[in-house]
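Here's the structure, in structure tokens; my notes come after.
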Amino acid sequence: MTSKRTGTGSECMEAGPVSSLPTEHGTFSIKSFTAGTATHVVLTMGDPAGRARPLVRVHSECLTGDALGSHRCDCGDQLDAALSAIAAEGHGILVYMAEHEGRGIGLAAKLQAYALQDEGMDTVSANRALGLPDDARDYTAAAAILRELGCPRIRLLTSNPSKQHALEDLGIEVVSRVRVHVADRPENSAYLTSKRLRMNHDVPPAAKTDESRTQLPGVDADIYAALTANEEVIAQLAQSQDGFIATRTGDACFVSGTTDRTHLHRIRAHVGAVLVGAQTVIADDPQLTVRAVHGPNPVRVVLDPHARVPVTSTVLSTGPTPTVWLISSEATPGAEVGDHVRVTRLPPAASPQDIIAVIRSQVAGSVLVEGGGRTVSSFLAAGALDRLFLTTAPVFIGDGVPGIRFHGSEVMAKALRRPFRRFELGDDMCTEYLLSPAAVTRSQSSPDMPVYASVASPQSIR
Numbered sequence: 001m002t003s004k005r006t007g008t009g010s011e012c013m014e015a016g017p018v019s020s021l022p023t024e025h026g027t028f029s030i031k032s033f034t035a036g037t038a039t040h041v042v043l044t045m046g047d048p049a050g051r052a053r054p055l056v057r058v059h060s061e062c063l064t065g066d067a068l069g070s071h072r073c074d075c076g077d078q079l080d081a082a083l084s085a086i087a088a089e090g091h092g093i094l095v096y097m098a099e100h101e102g103r104g105i106g107l108a109a110k111l112q113a114y115a116l117q118d119e120g121m122d123t124v125s126a127n128r129a130l131g132l133p134d135d136a137r138d139y140t141a142a143a144a145i146l147r148e149l150g151c152p153r154i155r156l157l158t159s160n161p162s163k164q165h166a167l168e169d170l171g172i173e174v175v176s177r178v179r180v181h182v183a184d185r186p187e188n189s190a191y192l193t194s195k196r197l198r199m200n201h202d203v204p205p206a207a208k209t210d211e212s213r214t215q216l217p218g219v220d221a222d223i224y225a226a227l228t229a230n231e232e233v234i235a236q237l238a239q240s241q242d243g244f245i246a247t248r249t250g251d252a253c254f255v256s257g258t259t260d261r262t263h264l265h266r267i268r269a270h271v272g273a274v275l276v277g278a279q280t281v282i283a284d285d286p287q288l289t290v291r292a293v294h295g296p297n298p299v300r301v302v303l304d305p306h307a308r309v310p311v312t313s314t315v316l317s318t319g320p321t322p323t324v325w326l327i328s329s330e331a332t333p334g335a336e337v338g339d340h341v342r343v344t345r346l347p348p349a350a351s352p353q354d355i356i357a358v359i360r361s362q363v364a365g366s367v368l369v370e371g372g373g374r375t376v377s378s379f380l381a382a383g384a385l386d387r388l389f390l391t392t393a394p395v396f397i398g399d400g401v402p403g404i405r406f407h408g409s410e411v412m413a414k415a416l417r418r419p420f421r422r423f424e425l426g427d428d429m430c431t432e433y434l435l436s437p438a439a440v441t442r443s444q445s446s447p448d449m450p451v452y453a454s455v456a457s458p459q460s461i462r
């Protein structure tokens, strides 16, 4: 059977002949599609075009994981699991995408990123240090192949929501996403955690249902239950031993460790809203969703009196998580924000208490003030917080973006002291300051986490 040219314009590809490919999962049909310099491979089983919504895996080329058996990533495990799932169903497609090595940056750059990861960077920071995007993959050819195979409506095998969105933007209807869950390995656990925290990949079911994995050692579950049961205003901040939340260039990835970030996501899952200031959004472009643990996403609130946050930021451009954009009455917001955004005007010279009142008029539950340092400090100084989780990481930054700062007292006798509890989060130490009488009352039920008075020699007040 000879090859043939298919498609038009940017979708023009050279389709190769069909042959059989026996595997340990069964016999697949295999066919090539060449577009420009890239030759993609398609494995099919059964009659996927005859199905209303066939199972499809769009798999990115990974020499180290797929061919060499590397455990630095989960690509080889994902490929094997996808073929197994298709074989179990009896019908389906695997599109193997060439030139997707290293999320599209290429093999040489991926190995450079590996070297940076060996020095302590995570996968996202390593790419950025090389001046490369987090994810450079293009799914145009994949969408064209699926249309050519008569499968424009699919169930997608992936744990990456961005892959679904990319195909949908190219006209493929993804009626459901079937998560490909493979067990983390010791060698790739940190890598996969980074993708879940920073790239919105799904958390495996085991991490959602197994309490032994989701419970943080030394942290009483009542801490989070209190946030759900009451309407508190809480804050969370991670800073270095010398009091900075980022370097002088604004790099904050990461001050604290994975356990502290899991703790933060658990807090998000137990509050109604999460508030950040404009500078945090501009500097970090956060998602403000729950990814490291199981739970609902809070409403995202952006405190931006002068409407400085670009409408292209993740919180303003990406749904479906509802977002409240707090701006002043004089500010002019960008017109092209997502439908998930509600623009809300603040009263003149709004205090932290005024801001909380505006949020409470729209969102039920506790409110988490997450960042940055200036915003958290202003709420602390105004007496608007019930509790503050302040994590200190064993690192010295020297100078940079400050954490907690406010106009203090001239004498130590008048310094701000409040009852507190302490617990370890991996290598980090978290101090939970109980700033209101109600928070103190709600936090004295656990014998494993006593509440201490904030004096020179901590003494239990239980």
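Quick note on numbering: the sequence shown equals residues 1 to 462 in full-length UniProt numbering. The C-beta atom is built at its ideal place from N, Cα and C for all residues, glycine as well. None of the values given here were measured: they were computed from a predicted structure.
Checklist entry - Exposed or buried, H100, counting other C-beta atoms within 10 Å across all chains shown (16 or more means buried)? => result If you number the sequence shown from 1, residue 100 lands on position 100. It counts as buried.
Next on the checklist: Using 7 Å as the threshold, is the C-beta distance between V271 and V302 below it?
Outcome noted: For the purposes of this step, residue 271 is taken as residue 271 along the sequence shown, with counting starting at 1. For the purposes of this step, residue 302 is taken as residue 302 along the sequence shown, with counting starting at 1. Going by C-beta atoms, V271 is not nearer than 7 Å to V302.
Checklist entry - Is it right to say K195 is buried, meaning 16 or more other beta carbons lie within 10 angstroms of its own, or is it exposed? => result Working through the sequence shown from its first residue, we reach residue 195 at position 195. Per the 10 Å Cβ criterion, buried.
Next on the checklist: If contacts are defined as beta-carbon pairs under 8 Å, then T158 and V175 qualify, I think. What distance do you get, rounded to the angstrom?
Outcome noted: Within the sequence shown, the letter at position 158 stands for residue 158. Within the sequence shown, the letter at position 175 stands for residue 175. No, T158 and V175 are not in contact; Cβ-Cβ is about 13 Å, not under 8 Å.
Checklist entry - Would DSSP call M97 helix, strand or coil? => result In the sequence shown, residue 97 corresponds to position 97, counting from 1. If DSSP states are grouped into helix, strand and coil, M97 belongs with the strands.
Next on the checklist: Does the structure place the region 232-252 close enough to the region 286-295 that three or more beta carbon pairs sit under 8 Å?
Outcome noted: no
Item to check | Limits of the unbroken beta strand (DSSP E) element including L55 | outcome: For the purposes of this step, residue 55 is taken as the residue at position 55 of the sequence shown. Looking at the DSSP string, the run of the beta strand (DSSP E) that includes L55 is L55 to S60.
Checklist entry - Taking C-alpha atoms, which residue in L434, A350 and S84 lies nearest to T27? => result Your numbering for residue 27 matches position 27 in the sequence shown. Of the candidates L434, A350 and S84, the one whose C-alpha sits nearest the C-alpha of T27 is S84.
Item to check | Beta-carbon separation (whole angstroms), T23 vs S32, contact threshold 8 Å | outcome: Residue mapping note: residue 23 aligns to position 23 of the sequence shown, counting from 1. Residue mapping note: residue 32 aligns to position 32 of the sequence shown, counting from 1. 17 Å between Cβ atoms; not a contact.
Checklist entry - What are the complete alpha helix (DSSP H) segments, minimum 4 residues, inside the region 397-457? => result Runs of the alpha helix (DSSP H) lying entirely within the region 397-457 and spanning at least 4 residues, in chain order: 437-442.
Checklist entry - Are A453 and D428 close, meaning C-beta to C-beta below 7 Å? => result Taking the sequence shown and counting its residues from 1, the one referred to as residue 453 is at position 453. Taking the sequence shown and counting its residues from 1, the one referred to as residue 428 is at position 428. Contact: no.
Item to check | Endpoints, the beta strand (DSSP E) within which S176 is located | outcome: Taking the first residue of the sequence shown as position 1, residue 176 is located at position 176. Residues E173 to V178.
Checklist entry - Exposed or buried, which one is F420 when buried takes at least 16 other CB atoms within 10 Å? => result Here the question's residue 420 lines up with position 420 in the sequence shown. Buried, because 16 or more other Cβ atoms sit within 10 Å of the Cβ of F420.
Checklist entry - Are A349 and R387 closer than 7 Å when you measure CB to CB? => result Sequence index remark: in the sequence shown, residue 349 carries index 349 (1-based). Sequence index remark: in the sequence shown, residue 387 carries index 387 (1-based). For A349 and R387, no; Cβs fall outside 7 Å.
Checklist entry - Which first and last residues belong to the alpha helix (DSSP H) in which G373 is found? => result Numbered from its first residue, the sequence shown carries residue 373 at position 373. Residues G373 to A381.
Checklist entry - By the 10 Å Cβ neighbour count, where 16 or more other Cβ atoms means buried, how is R442 classified, buried or exposed? => result Taking the sequence shown and counting its residues from 1, one reaches residue 442 at position 442. Classification of R442: buried, given that the 10 Å Cβ count is 16 or more.
Item to check | Burial state of R266 (16 or more Cβ within 10 Å) | outcome: Reading the sequence shown from its first residue, position 266 is the one you call residue 266. That one is buried.
Next on the checklist: Measuring straight from C-alpha to C-alpha, what distance separates L237 and T262?
Outcome noted: Within the sequence shown, residue 237 is the residue found at index 237, counting from 1. Within the sequence shown, residue 262 is the residue found at index 262, counting from 1. If I take the Cα positions, the gap works out to 13 Å.
Item to check | Three-state class that DSSP yields for L111 in the structure shown | outcome: Taking the sequence shown and counting its residues from 1, the one referred to as residue 111 is at position 111. L111 sits in a helix when the DSSP states are folded into three classes.
Checklist entry - Secondary structure at I105, three-state DSSP: helix, strand or coil? => result Within the sequence shown, residue 105 is the residue found at index 105, counting from 1. In this structure, I105 counts as coil in the three-state DSSP scheme.
Item to check | Burial state of M97, where buried means 16 or more other Cβ atoms lie within 10 Å | outcome: To locate residue 97, count along the sequence shown from 1; it is residue 97. By the beta-carbon neighbour count (other beta carbons within 10 angstroms, threshold 16), M97 is buried.
Item to check | Three-way DSSP call (helix, strand, coil) for R198 in this model | outcome: What you label residue 198 is simply residue 198 of the sequence shown in a count that begins at 1. Looking at R198 - three-state DSSP - the assignment turns out to be helix.
Checklist entry - Does DSSP classify L116 as helix, strand or coil? => result As a first step, residue 116 is located in the sequence shown; it is residue number 116 there, counting from the start. Note: L116 maps to helix in three-state DSSP.
Checklist entry - So what does DSSP say about G126, is it helix, strand or coil? => result Position 126 of the sequence shown, counted from the start, is the residue given in the question as residue 126. Residue identity differs from the one stated: residue 126 is Ala in this sequence, not Gly. If DSSP states are grouped into helix, strand and coil, A126 belongs with the helices.
Checklist entry - C12: buried (16+ other C-beta within 10 angstroms of its C-beta) or exposed? => result In the sequence shown, the residue the question calls residue 12 occupies position 12. Answer is exposed; the Cβ neighbour count stays below 16.
Next on the checklist: If you follow the beta strand (DSSP E) that V14 is in, where does it begin and where does it stop?
Outcome noted: For the purposes of this step, residue 14 is taken as residue 14 along the sequence shown, with counting starting at 1. Note that residue 14 is Glu in the sequence shown here, rather than Val. For E14, the enclosing beta strand (DSSP E) has its first and last residue at M13 to A15.
Checklist entry - Residues in its own chain within less than 6 Å of H25 by CB, not counting five upstream and five downstream? => result The sequence position of residue 25 within the sequence shown is 25, counting from 1. Counting only Cβ-Cβ distances below 6 Å, and skipping sequence neighbours, we find L83, S84 and A87.
Checklist entry - Are the region 405-418 and the region 352-361 touching, with three or more C-beta to C-beta distances below 8 Å? => result no
Item to check | 6 Å Cβ shell around A183 - same chain, five flanking residues per side excluded | outcome: Counted from its first residue, the sequence shown places residue 183 at position 183. Cβ within range, chain order: n/a, list empty.
Checklist entry - Relative to the C-alpha of S317, which residue among D260, S378, K110 and D339 is closest? => result As a working mapping, residue 317 is identified with position 317 in the sequence shown. Nearest option by C-alpha distance: D339.
Checklist entry - Between A273, G36 and L43, which lies nearest to P17 when the distance is taken from Cα to Cα? => result Counted from its first residue, the sequence shown places residue 17 at position 17. Comparing Cα-Cα distances from P17 to each of A273, G36 and L43, the minimum goes to L43.
Item to check | Residues bridged to S240 [DSSP beta-bridge criterion] | outcome: Counted from its first residue, the sequence shown places residue 240 at position 240. Under DSSP, S240 forms a beta bridge with A393.
Next on the checklist: Here's the rule: buried if 16 or more other CB atoms are within 10 angstroms of the residue's CB, otherwise exposed. What is D260?
Outcome noted: Your numbering for residue 260 matches position 260 in the sequence shown. D260 comes out buried.
Checklist entry - Thinking just about the alpha-carbon of each residue, which of S125, C73, N160 and A143 is nearest to the one in G171? => result Walking along the sequence shown from the start, residue 171 turns up at place 171. Checking every option, the nearest Cα to that of G171 belongs to A143.
Item to check | Distance between L79 and A335 (C-alpha atoms, nearest Å) | outcome: Here residue 335 corresponds to residue number 335 of the sequence shown, with the count starting at 1. Here residue 79 corresponds to residue number 79 of the sequence shown, with the count starting at 1. Rounded to the nearest angstrom, the two C-alpha atoms are 43 Å apart.
Checklist entry - Closest by CA to T323, which one among C151, T332, E330 and V311? => result Walking along the sequence shown from the start, residue 323 turns up at place 323. Comparing Cα-Cα distances from T323 to each of C151, T332, E330 and V311, the minimum goes to V311.
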